[in-house]
Amino acid sequence: MAESLAAAIAAIPKVELHLHLETSLRLRRLLERQEGSPPLGEPHLIADPSKFSGYDRLRRLRYAGRASRIADAAYTTANIAAITAQLMNEAAAESIRHVEVWVGGRRGFALLGIRGMLEAMAEGAGRTRAPSVGYGAILTIVRERGPEEAERSVAEAVACRDCGVAGIDLAGDEHNYPPALFARAIGMARDAGLGITVHAGEFTGAAGIWTSVYQLGATRIGHGLASADDPRLLDRLRDRHVTLELCPTSNLRLGLIPSLARLPLETLRAHGVPVTINSDDPILLDTTLSRELAAVAHAHALTPEDIVGLQAAAARAAFLPPDGQEALAHTVQTAALLS
Ligand SMILES: [Zn+2]
């Protein structure tokens, strides 16, 4: 890829909508630094994703990355604030102007409570050295934990609007836990004015995307790869302004696409579906938003103007009030012209 395009991408003001906090991995890194012990090395990647199917691929990747081997004692308010501040500083360093940070780890919620986690994250985000970076928290509901836990979690998130909660995400095992099971929980979130995004069409087909949009009222879909095979669905996504949060390296590492060139970007854009590019689990996947954009630009011959367009689409899909979305889009586009 041309050096100039990589430099342009680094400088372009950006918006990251789909970024898991990766609590245990960030805590592991924090502890390594605090204790002065040598780093445990880069997270491993699954050697052969084809040996695993569906959502088991992500479980396997997390296992290989030792994403869960952190002592309960590490889950302190101070440490959660510290890793969130670190994430925000990393975002600022790559010219990200708004980031939505997803959190769903069961142990953090069990040990600190949902409010405790969200308050600690907000405190850390407020402490960032770059106050120009906007922040919103997205509470991830994990399907395998069932609809009752989902309803309790949403109720706690709704009661915690003062700690930066912008939206709710439904994630986890798409195949065995269809979106409709969570209609009540997600409805509570929607009624309270929270944004709704659903991991769908990642490990299974388009049906989960249809359901997420029509039964859950999702305005964003995490991944949504399967929509590319369903032209009627693409028309609906376009007409309803449902934005796809594409996470290319995640799909590649998990064997969902054979190469970045096979990301169905052209199909989605030709249908007028709003698309964004995101890093998903950047530590686990060894990526950043800038690297995602550069790789996609290379594989799909995108211009700097295309990249700015993707950022404006992300700004307009951010879980912000409409005037906040427009202000962010304006900032992104204006600053890109000046950079
Ligand atoms: Zn994700």
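Taking our numbering, I'd label the letters of the sequence shown as residues -4 to 334.
Glycine residues also receive a C-beta, built at the ideal position from the N, C-alpha and C atoms.
All values derive from a computational prediction rather than experimental measurement.
Alpha-carbon spacing of residue i relative to residue j, whole angstroms
i: GLU146; j: MET183; result: 8 Å
i: GLY217; j: ALA5; result: 24 Å
i: ASP225; j: HIS325; result: 33 Å
i: HIS13; j: LEU211; result: 19 Å
i: ALA310; j: ILE7; result: 13 Å
i: VAL96; j: ARG233; result: 25 Å
i: ALA187; j: ALA330; result: 33 Å
i: ARG101; j: VAL208; result: 26 Å
i: HIS266; j: PRO174; result: 25 Å
i: ILE163; j: VAL149; result: 8 Å
i: ARG140; j: SER(-1); result: 47 Å
i: ALA312; j: ALA66; result: 37 Å
i: ALA388; j: VAL10; result: Nothing in the structure corresponds to residue 388, since the chain is present only between -4 and 334.
i: ALA42; j: GLU321; result: Because ALA42 sits at a pLDDT of 46, beneath the cut-off of 50, its placement in the model cannot be relied upon, and the point is left open.
i: CYS355; j: GLN306; result: Residue 355 lies beyond the range of the chain shown here (-4 to 334); nothing can be said about it.
i: GLY108; j: GLY190; result: 21 Å
i: ALA125; j: ALA296; result: 32 Å
i: TYR172; j: SER90; result: 37 Å
i: ILE136; j: ARG110; result: 15 Å
i: ALA115; j: ILE75; result: 6 Å
i: GLY99; j: THR206; result: 22 Å
i: THR298; j: ALA292; result: 7 Å
i: ARG286; j: ILE302; result: 12 Å
Bridge-paired residues (DSSP) for residue i
i: VAL160; result: ALA132
i: ASP275; result: LEU14
i: GLU30; result: In the DSSP output, where bridge partners are listed per residue, GLU30 has none listed.
i: VAL303; result: DSSP lists no partner for VAL303.
i: GLY267; result: GLY267 pairs with nothing; no bridge assigned.
i: HIS93; result: VAL10 and GLY129
i: VAL137; result: ALA166
i: ILE252; result: Bridge partners of ILE252: none, in fact.
i: LEU241; result: ILE272
i: ARG286; result: Paired residues: none, contrary to the question.
i: ARG215; result: THR192 and THR238
i: VAL362; result: In the structure as shown, the chain begins at -4 and stops at 334. Residue 362 is therefore absent and cannot be evaluated.
Residue i beta carbon near ligand 1 (any heavy atom closer than 8 Å)
i: ASP168; result: no
i: CYS155; result: no
i: ASP67; result: no
i: ASP281; result: no
i: SER245; result: yes
i: ASP224; result: no
i: GLY217; result: yes
i: TRP205; result: no
i: CYS158; result: no
i: ASP234; result: no
i: ASP275; result: yes
Close beta carbons around residue i, own chain, < 7 Å, minus the five adjacent residues each side
i: PRO142; result: LEU176, PHE177, ARG179 and ALA180
i: ILE204; result: ALA195, GLY196, ILE216, GLY219, ALA221, SER222 and LEU228
i: ARG235; result: VAL208
i: ALA201; result: ALA221, SER222, ASP224, ASP225 and LEU228
i: PRO243; result: LEU255, LEU258, ILE272, GLU287, ALA290 and VAL291
Cβ-based neighbour list, residue i, same chain, cut-off 6 Å, excluding 5 preceding and 5 following
i: ALA2; result: none
i: LEU82; result: none
i: THR71; result: none
Cβ-based neighbour list, residue i, same chain, cut-off 8 Å, excluding 5 preceding and 5 following
i: ILE133; result: GLU95, VAL96, TRP97, VAL98, VAL160, ALA161, GLY162, ILE163, ASP164, GLY190, THR192 and PHE314
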